[in-house]
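Protein chains in written order, with our numbering: chain U, 15 to 353; chain W, 15 to 353.
All residues carry an ideal CB built from backbone N, CA and C; glycine is no exception.
Just so you know, these numbers come straight off a predicted model, no measurement behind them.
Below you'll find the structure, written out as structure tokens, and then a few comments.
Number of protein chains: 2
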Amino acid sequence: MRMPRRSARHILDDSYALAYPALRSAVEEFPEAIQHPVGVHFGWWDRAGNALRSNPGKSLRSALVILSCQALGGSIRQALPAALAVEMVHNASLLHDDIIDNDRLRRGRASLWSAMGVPAAILAGDALFFGSLHALTGAPHADRTVPVFLAAVQNLIEGEYVDTLMEKDTTATLDDALDMIAGKTAELLSCACTLGAILSGAEDERVQHLSRFGLLLGVAFQCTDDVLGIWGDPEATGKPARSDLRSRKLSVPIALALNENGPPAERLRALYRREAPPTEAESRVIADELERHGVRGAVVDLARENAGEALAALHSCDPDPVTSEELAELTKMILQRSS
Amino acid sequence: MRMPRRSARHILDDSYALAYPALRSAVEEFPEAIQHPVGVHFGWWDRAGNALRSNPGKSLRSALVILSCQALGGSIRQALPAALAVEMVHNASLLHDDIIDNDRLRRGRASLWSAMGVPAAILAGDALFFGSLHALTGAPHADRTVPVFLAAVQNLIEGEYVDTLMEKDTTATLDDALDMIAGKTAELLSCACTLGAILSGAEDERVQHLSRFGLLLGVAFQCTDDVLGIWGDPEATGKPARSDLRSRKLSVPIALALNENGPPAERLRALYRREAPPTEAESRVIADELERHGVRGAVVDLARENAGEALAALHSCDPDPVTSEELAELTKMILQRSS
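What follows is the structure, given as structure tokens:
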């Protein structure tokens, strides 16, 4: 018997409450010294080792694993090893990404490399990468889950690498940007759904519909993330205002704008090509100009289209109706972030 | 039928010739963009993508996998997936280690981070980590090999982390240093032998003798490496003279010396504690002083003892006699590096 439908916030809180105790137990089986920086990253203790009151977190990726498993008739217990694996690999990639992007803030705290140095952050990420495999290889259906997981993570790494190559690249097309975010973000969300579906024991065809749901949801998610990267409220995002413009990321709105004609696109190209990064004032002018020219609206529309197709894929797998409504709630929440 | 006994050099050349074409094929299955920095690391092409004439390499870890498999009656073909996995994980850890240790040189070339930047080196390492799992999870006996491999790699990461914590630590004991090198080096050599042995299809007891052989050989290997880190010829090591002293690594000879009494130990402690690193002249004085006080000799003896115990463990597994002689050749070569 499934519970009545929960709000998106409630679903994310619940999935955190389910996945994080398991995650903590898994980390406590790591060799002793490396547990310390890993726990500092998760906010379980401070650098001196003092326990911190764990802030109630949210966890989209483990929610997707659990709901995808439930959607096809599986249980939370069946889904947990994959929820764990996906959370670990996501956090490993955050640890390495923050070094790569030189980001000093993560979840409103100092990122691990800025708190404890690059070596600790590289190695804590490596430990989480291998921990994720440990969670998955010891669980049922490993012959089906592990190849999916390894391929998704290789695509995630590829997406991050392409992301670094594309920084300041003014020749990239919208398709280049969409390919890159598919690898960087959507593959792991798709993987989360696929693993949950496999662990339910469902047949391949139903699993594939959920894979497609996750991939399209991931594109929608990254589009809204890219909108927040330019027009997001620093209070809500925990990042500096217009951070993607300041660091000249090649995000979806930027790729859209670079492929336009006219003076705003020219100004943007000039700014992305020059040596010095945009000033605070320049980035505000560009953000406003892009919004006036409809770029923000176009990316929000793109997110909406992908979310719509995601829900169509979801319905094709003949999901449990309550779970399906909850996945639709999460989809709606993702769209609302940027509107 | 086994071939007649080969020299250590010949064994290492052969294992490179066997493992590296397989490694190159495996890397060619990585997503496209990330293949580039991985191939630059291996010296297959330059940064512009021009093919380089591959320098004939040596490969101790894949040699240990292959010989351990053959020692228990297995074939080269059976051993290859593990040879591949171990080479990949070793190179992944070199890529991350060179960032951590700020090493600009690797195999006489620019290390990847210094040639292509930290992001490329982090992500190329991550890709090789996941590639190693791909090689192993798709091969026979994955239920036995994967847990051994994951545990060894977690210990490797732990060893590297402890290594960073111990830098400039003048309170570490010899046992601390030996624990650290067990994790950092010996675990992976032991893992190489264990995986080769498992892939031969042998029973657990014989496998365990080879695990122990690899672990003890790894301790001997690191002891000789630590001797070279202080007294090695830069021509032969490809590293600056006395590099471990200059960077104030806590190596085995240093741990030995720090736990002595008397003026040389005091001078060493003072030098390890102060802010500025030792000058060229100071490091030469210390190296000479430690040698006169028998520290170099003591570490060479330690290497020899561990190598002797390693060979005893090897003989306990009732190995194929020709292969056993070849493993003894490799052991002898490791000892000769530092004498």
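Amino acids of chain U, ordered along the chain, whose beta-carbon sits closer than 7 Å to that of Ile-268 of chain W:
The premise fails here: Ile-268 of chain W is roughly 19 Å from chain U at the closest Cβ pair, so nothing lies under 7 Å.
Between Ala-255 of chain U and the rest of its own chain, which residues show a CB-CB distance below 7 Å, the 5 nearest in sequence each way excluded?
Pro-248
Helix, strand or coil for Trp-59 of chain W, going by three-state DSSP, please let me know.
strand
Within chain U, the residues that Phe-56 of chain W reaches when beta carbons sit closer than 8 Å:
Those do not exist, as Phe-56 of chain W stays about 16 Å from chain U at its closest Cβ, beyond 8 Å.
Is there at least one Cβ from chain W nearer than 8 Å to His-148 of chain U's Cβ?
yes
Whole-angstrom C-beta distance between Ala-269 of chain W and Thr-187 of chain W, which should lie under 8 Å
7 Å
Can you look up Arg-123 of chain U in the DSSP assignment and give me helix, strand or coil?
strand
Are Ile-244 of chain W and Leu-259 of chain W close, meaning C-beta to C-beta below 8 Å?
yes
Do the CB positions of Ser-29 of chain W and Ser-76 of chain W come within less than 8 Å of each other?
yes
Determine, for His-110 of chain U, whether the minimum Cβ-Cβ distance to residues of chain W falls below 8 Å.
yes
May I ask you to report which of helix, strand or coil DSSP gives Met-15 of chain W?
Its pLDDT being 46, under 50, Met-15 of chain W is placed unreliably in this model, and the value from its coordinates should be taken loosely. If DSSP states are grouped into helix, strand and coil, Met-15 of chain W belongs with coil.
Tell me the DSSP bridge mates of Ala-65 of chain W?
W:Trp-59
Inside the stretch 214–248 of chain U only - alpha helix (DSSP H) runs reaching at least 4 residues:
218–245
CB Val-41 of chain U to CB Gly-53 of chain U, shorter than 8 Å?
yes
Please tell me whether Tyr-175 of chain U has its Cβ less than 8 Å away from any Cβ of chain W.
yes
Whether Ala-166 of chain W touches Leu-142 of chain W by CB criterion (8 Å)
no
Give a yes or no on whether the C-beta atoms belonging to Leu-242 of chain W and Arg-351 of chain W are separated by under 8 Å.
yes
Pull up the distance between the alpha-carbon of Ala-301 of chain W and that of Arg-283 of chain W, whole angstroms please.
14 Å
Comparing the C-beta of Ala-153 of chain U with each C-beta of chain W, is any distance below 8 Å?
no
For Cys-331 of chain U, which three-state DSSP category applies?
coil
Is Gln-236 of chain U close to chain W? Criterion is C-beta to C-beta, closer than 8 Å.
no
Same chain, Cβ closer than 7 Å to Asp-183 of chain U, five either side skipped, listed in chain order
Leu-264
Near-chain W residues of the stretch 281–295 of chain U (beta-carbon distance less than 7 Å), N- to C-terminal order
none
Exposure label - Gly-139 of chain W; buried when at least 16 CB within 10 Å
buried
Please name the residues in the stretch 118–152 of chain W whose beta-carbon is closer than 9 Å to at least one beta-carbon of chain U, in chain order.
Gly-131, Val-132, Pro-133, Ala-134, Ile-136, Leu-137, Ala-138, Gly-139, Asp-140, Ala-141, Phe-143, Phe-144, Gly-145, Leu-147, His-148, Thr-151 and Gly-152
Specify the secondary structure class of Leu-270 of chain U as computed by DSSP and reduced to three states.
helix
Which bits of chain W does Leu-164 of chain U rub up against, with CB to CB less than 8 Å?
Phe-144, Leu-147, His-148 and Thr-151
Residue interval of the alpha helix (DSSP H) (run including Gly-145 of chain W)
132–151
Establish whether the CB of Leu-202 of chain W and some CB of chain U are separated by less than 8 Å.
no
Select from U:Ser-39, U:Pro-161 and U:Asp-115 the residue whose C-alpha is nearest the C-alpha of Lys-253 of chain U.
U:Asp-115
Within 8 Å, strictly: CB atoms of Leu-170 of chain U and Gly-197 of chain U:
yes
Which whole-angstrom value describes the C-beta separation of Glu-172 of chain W and Ala-106 of chain U, a residue pair presumed to lie in contact below a C-beta threshold of 8 Å?
Rounded, the Cβ-Cβ distance is 15 Å, inconsistent with contact.
For Ala-149 of chain W, I'd like the list of residues in its chain whose CB is within less than 7 Å of its CB, leaving aside the five on either flank, ordered along the chain.
Ala-40, Pro-95, Leu-98, Ala-99 and Met-102
Counting only beta-carbon atoms, is Glu-172 of chain W nearer than 8 Å to chain U?
yes
Under 8 Å Cβ-Cβ, which residues of chain U neighbour Phe-227 of chain W?
Here the premise fails: no neighbours, minimum Cβ distance about 23 Å.
Segment limits, alpha helix (DSSP H) that includes Asp-302 of chain U:
294–306
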